[in-house]
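Protein sequences appear in the order of chains A and B. Counting with the numbering used here, you get residues 61 to 449 for the letters of the first sequence. Counting with the numbering used here, you get residues 8 to 267 for the letters of the second sequence. Take a look at the structure below.
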Amino acid sequence: MTTPTPYTESRERGELRQAVAELAGTFGRAYFLRKARDGEKTTELWSEVGKNGYLGVAVPEEHGGGGGGIGDLAVVCEELAAAGCPLLMMVVSPAICGTIITRFGTPAQQAHWLPGFADGTTTMAFSITEPDAGSNSHRITTTARRDGDAWVLSGGKTYISGVDEASHVLVVAKTEQAASGRLQPALFIVPTDAPGFTAQPIEMDVVSPEKQFTLFFDDVRLPADALVGREDAGLAQLFAGLNPERIMAAAFAVGTARFALRAAAAYAKEREVWGMPIGAHQAVAHPLAQSYIETELASLMTQKAAALYDAGDDEAAAEAANMAKYAAAEAAVDAVDRAVQTHGGNGLASEYGLGSMIASSRLSRIAPVSREMILNFVAQSSLGLPRSY
Amino acid sequence: MANIVVLVKYVPDATGDRTFTSDNTVDRVGVDGLLSELDEYAVEEALKVVEAGDGEVTVLTVGPEQAADAVRKALQIGAHKGVHVLDDAIAGSDAAATSLVLAKAIEKIADYDIVMTGLASTDGAMSVVPAMLAERLGLPQLTFASELTIEGDTIRIRRDGDAATETIEASGKMVVSVTDQINEPRYPSFKGIMAAKKKPVETWSIADLGIEASQVGTAAAWTKVLSFEPRPPRTAGEIVTDEGDGGTKLAEYLASKKFV
Ligand SMILES: Cc1cc2nc3c(=O)[nH]c(=O)nc-3n(C[C@H](O)[C@H](O)[C@H](O)COP(=O)(O)OP(=O)(O)OC[C@H]3O[C@@H](n4cnc5c(N)ncnc54)[C@H](O)[C@@H]3O)c2cc1C
Numbered sequence: 061m062t063t064p065t066p067y068t069e070s071r072e073r074g075e076l077r078q079a080v081a082e083l084a085g086t087f088g089r090a091y092f093l094r095k096a097r098d099g100e101k102t103t104e105l106w107s108e109v110g111k112n113g114y115l116g117v118a119v120p121e122e123h124g125g126g127g128g129g130i131g132d133l134a135v136v137c138e139e140l141a142a143a144g145c146p147l148l149m150m151v152v153s154p155a156i157c158g159t160i161i162t163r164f165g166t167p168a169q170q171a172h173w174l175p176g177f178a179d180g181t182t183t184m185a186f187s188i189t190e191p192d193a194g195s196n197s198h199r200i201t202t203t204a205r206r207d208g209d210a211w212v213l214s215g216g217k218t219y220i221s222g223v224d225e226a227s228h229v230l231v232v233a234k235t236e237q238a239a240s241g242r243l244q245p246a247l248f249i250v251p252t253d254a255p256g257f258t259a260q261p262i263e264m265d266v267v268s269p270e271k272q273f274t275l276f277f278d279d280v281r282l283p284a285d286a287l288v289g290r291e292d293a294g295l296a297q298l299f300a301g302l303n304p305e306r307i308m309a310a311a312f313a314v315g316t317a318r319f320a321l322r323a324a325a326a327y328a329k330e331r332e333v334w335g336m337p338i339g340a341h342q343a344v345a346h347p348l349a350q351s352y353i354e355t356e357l358a359s360l361m362t363q364k365a366a367a368l369y370d371a372g373d374d375e376a377a378a379e380a381a382n383m384a385k386y387a388a389a390e391a392a393v394d395a396v397d398r399a400v401q402t403h404g405g406n407g408l409a410s411e412y413g414l415g416s417m418i419a420s421s422r423l424s425r426i427a428p429v430s431r432e433m434i435l436n437f438v439a440q441s442s443l444g445l446p447r448s449y
Numbered sequence: 008m009a010n011i012v013v014l015v016k017y018v019p020d021a022t023g024d025r026t027f028t029s030d031n032t033v034d035r036v037g038v039d040g041l042l043s044e045l046d047e048y049a050v051e052e053a054l055k056v057v058e059a060g061d062g063e064v065t066v067l068t069v070g071p072e073q074a075a076d077a078v079r080k081a082l083q084i085g086a087h088k089g090v091h092v093l094d095d096a097i098a099g100s101d102a103a104a105t106s107l108v109l110a111k112a113i114e115k116i117a118d119y120d121i122v123m124t125g126l127a128s129t130d131g132a133m134s135v136v137p138a139m140l141a142e143r144l145g146l147p148q149l150t151f152a153s154e155l156t157i158e159g160d161t162i163r164i165r166r167d168g169d170a171a172t173e174t175i176e177a178s179g180k181m182v183v184s185v186t187d188q189i190n191e192p193r194y195p196s197f198k199g200i201m202a203a204k205k206k207p208v209e210t211w212s213i214a215d216l217g218i219e220a221s222q223v224g225t226a227a228a229w230t231k232v233l234s235f236e237p238r239p240p241r242t243a244g245e246i247v248t249d250e251g252d253g254g255t256k257l258a259e260y261l262a263s264k265k266f267v
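Structure representation (structure tokens):
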């Protein structure tokens, strides 16, 4: 029985980890790959994780959630990835959409949406990326204009994950400020079956049960309460969602790295071609040791970011969350690369399930914010260097 | 209304290496342990019973300090309170002494209708404690239940044997042991994990139970482990190459081992 220091997790969080790991272990990599390759969804896993309250750990208790923080949700995400069966929609649905509605939704919106986030029965996609405004989200052109009490949405989005699994998409659009006439972001909850809403799947070379979509909003009519919170709070809402998104993306990548490293270490201990395990060669062992260190460091920064965020310090959390996301993505990409190399030819065989991770681990480096944009942020806001774009 | 006492045991993690202490008993202190998997079925069944009616589930463990983890796990899953009998004198107790401690603790808990247990512990695997306990408490025992129904104060169980399936029932207070076929144990929810922190756990010594140190522990054990040695590593099996006579060779092999 050890007393937690500020550098270790609380006992309860450790126990949450263990419970999720146990549950995830009953699904595992083989289940995940079978579903992904057959073009199916990991719905059973999602429901099971939801039923046990793990998707809703960060939802307030009065709305049926666990009353924990983003640090708890991140642990759930990490353990699923570490078991080889990650749930990408966790980053989006409970972490981004759930957080924004919890912090900014009207009481009626909270009462309507949060219980579904608490038990996982609600899946909501999140859409900000547009074809002509990728990393530069200031340039988005999707707009919502008022029509009496209602809203009319027009524009489009791209690379939006899980729209086919979601009942609704949280759409970042722009509205015209009544006073100044300036365009400001505002967030809308849009049903995926609304007239004028079209979703087109994008062919991807990533083995994943979650698909990506290009969305078209052709004068989609929305009721007044589709607008999350207040019209002028869009920017604050977006910022509120950013830290959880990054912390979750980091946790996802840490889990991915752990999965790859565990597979690599196990293989390096068993495989013999010169009368000793290949892991005895330092050329095999050192890269794995390095990856282990990088993964642990990324995990530590993820925990720091989550702790700051959960303590209410959004500003300090921003730097940590960005750095955690950066470090974890790099750790995941390298760990997968090294795990594949450790496996030799088997590294690319379907049976070992690592080859498919080469593409999927790269996702962490690109989305939800690219490595370069994080370096821009750190250069500018942490080092005070001139703005580069 | 049924108050249920569930026996939970802290056992070495079966996936880790097991070791023995200098007195030839299983090392329960120096290894990672957990709630015996087979006891999770008993906790689950007890919870199902109280959830369908009402009442409380008390989990009881006898074991070293770390055994508190087994109690915690059960509380996280949903049990209401815990009792941990913790005493250095108990170390090395055999099944008879363990059942004595359990019986005294259950008598001290007093307010119960059913004592529920798993079918065996995953480390000792003797399956005798439920029967010994029923004897000591003077209660009927319904063992190896793979299905359980309650009507009033009568419990009926199904016991699946090799040759027959028995239906057995008893009324009033009783001891019930359940198999791993009876249900699908739940995982601790996050709320359960947080709530467990606030649930009451009492720690009792053998003196609290009116037991003398001489009645328990290695010295009181009816049997003594004289020596042990690890199982020899598995040797490579014999491979029969089928050259038209594969069947014959297989039969010869089985006959040589007296399987046929
Ligand atoms: C599998 C997948 C799932 C996704 N899911 C979602 C989702 O659910 N919802 C959603 O809204 N979006 C989603 N995205 C979109 C994702 O967030 C974007 O792909 C990402 O933000 C990068 O934008 P982009 O693709 O337009 O790249 P671009 O912005 O075109 O960038 C291309 C390259 O240029 C670099 N670059 C751009 N600007 C600069 C600069 N100023 N300085 C230095 N380098 C720069 C980038 O780092 C990148 O390497 C997803 C993407 C993928 C691949």
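The C-beta atom is built at its ideal place from N, Cα and C for all residues, glycine as well. All of these numbers come straight from a predicted model, not from anything done at the bench.
Host alpha helix (DSSP H) of residue i (start-end)
i: Q297 (chain A); result: 294–330
i: M433 (chain A); result: 431–437
i: E476 (chain A); result: Residue 476 (chain A) lies beyond the residue range present for chain A, which begins at 61 and ends at 449; the question has no answer from this structure.
i: V135 (chain B); result: Neither: V135 (chain B) is in no alpha helix (DSSP H) and is coded neither H nor E.
i: M201 (chain B); result: 197–203
Of the listed residues the options, nearest to residue i (C-alpha basis)
i: S195 (chain A); options: A:L76, A:I434, A:P446; result: A:I434
i: F197 (chain B); options: B:G85, B:D20, B:E142; result: B:G85
i: E47 (chain B); options: B:Q73, B:P192, B:P237; result: B:P192
i: K80 (chain B); options: B:G253, B:Y194, B:A243; result: B:Y194
i: T182 (chain A); options: A:G158, A:A376, A:T203; result: A:G158
i: V66 (chain B); options: B:D169, B:I189, B:T124, B:T225; result: B:T124
i: A98 (chain B); options: B:V36, B:G23, B:V135, B:S153; result: B:V36
i: D130 (chain B); options: B:G244, B:L41, B:A9; result: B:L41
i: A143 (chain A); options: A:R163, A:R89, A:S221, A:T103; result: A:R89
i: L115 (chain A); options: A:V136, A:K95, A:A345, A:Q342; result: A:V136
Environment of residue i [buried if 16+ CB atoms lie within 10 Å]
i: F235 (chain B); result: exposed
i: R199 (chain A); result: exposed
i: Y17 (chain B); result: buried
i: T186 (chain B); result: buried
i: N31 (chain B); result: exposed
i: Q363 (chain A); result: buried
i: V223 (chain A); result: buried
i: I130 (chain A); result: buried
i: M61 (chain A); result: Confidence is the limiting factor: at M61 (chain A) the pLDDT is only 49, short of 50, which leaves the residue's position unreliable and the question unanswerable from this model.
i: H123 (chain A); result: buried
i: E263 (chain A); result: exposed
Cross-chain neighbours of residue i in chain B, by beta carbon under 8 Å
i: Y114 (chain A); result: S196, F197
i: D132 (chain A); result: F197
i: V117 (chain A); result: F197
i: A366 (chain A); result: What A366 (chain A) touches in chain B: nothing, since even the nearest Cβ is about 15 Å away.
Where residue i meets chain A, residues with beta-carbon distance less than 8 Å
i: M342 (chain B); result: Here chain B covers residues 8 to 267 and nothing more, so residue 342 (chain B) does not appear.
i: K204 (chain B); result: E72
Endpoints, beta strand (DSSP E) assigned at residue i
i: D167 (chain B); result: 161–167
i: T210 (chain B); result: 208–211
i: W211 (chain A); result: 210–221
i: I116 (chain B); result: Counting along the chain, I116 (chain B) falls outside any beta strand (DSSP E), though it belongs to the alpha helix (DSSP H) covering 102–116.
i: S178 (chain B); result: 172–178
i: P255 (chain A); result: Segment: none, P255 (chain A) is in no beta strand (DSSP E) and carries neither H nor E.
Neighbour list for residue i in chain D, Cβ cutoff strictly below 8 Å
i: Q188 (chain B); result: In the structure shown, chain D cannot be found, because the protein chains are A and B.
CA-to-CA distance, residue j to residue i, given in whole angstroms
i: E219 (chain B); j: A227 (chain B); result: 11 Å
i: L174 (chain A); j: G125 (chain A); result: 8 Å
i: L148 (chain A); j: A427 (chain A); result: 11 Å
i: P146 (chain A); j: T174 (chain B); result: 45 Å
i: K264 (chain B); j: V151 (chain A); result: 58 Å
i: V229 (chain A); j: E51 (chain B); result: 38 Å
i: G254 (chain B); j: T248 (chain B); result: 10 Å
i: R97 (chain A); j: F277 (chain A); result: 30 Å
i: D20 (chain B); j: A152 (chain B); result: 25 Å
i: Q78 (chain A); j: E138 (chain A); result: 11 Å
i: S153 (chain A); j: V208 (chain B); result: 38 Å
i: D252 (chain B); j: T242 (chain B); result: 24 Å
i: L76 (chain A); j: P255 (chain A); result: 42 Å
i: P261 (chain A); j: G62 (chain B); result: 53 Å
Chain B contact residues for residue i, given Cβ-Cβ distances below 9 Å
i: L83 (chain A); result: Y194
Residues that residue i contacts on chain B, provided the C-beta gap is smaller than 7 Å
i: L76 (chain A); result: F197, I200
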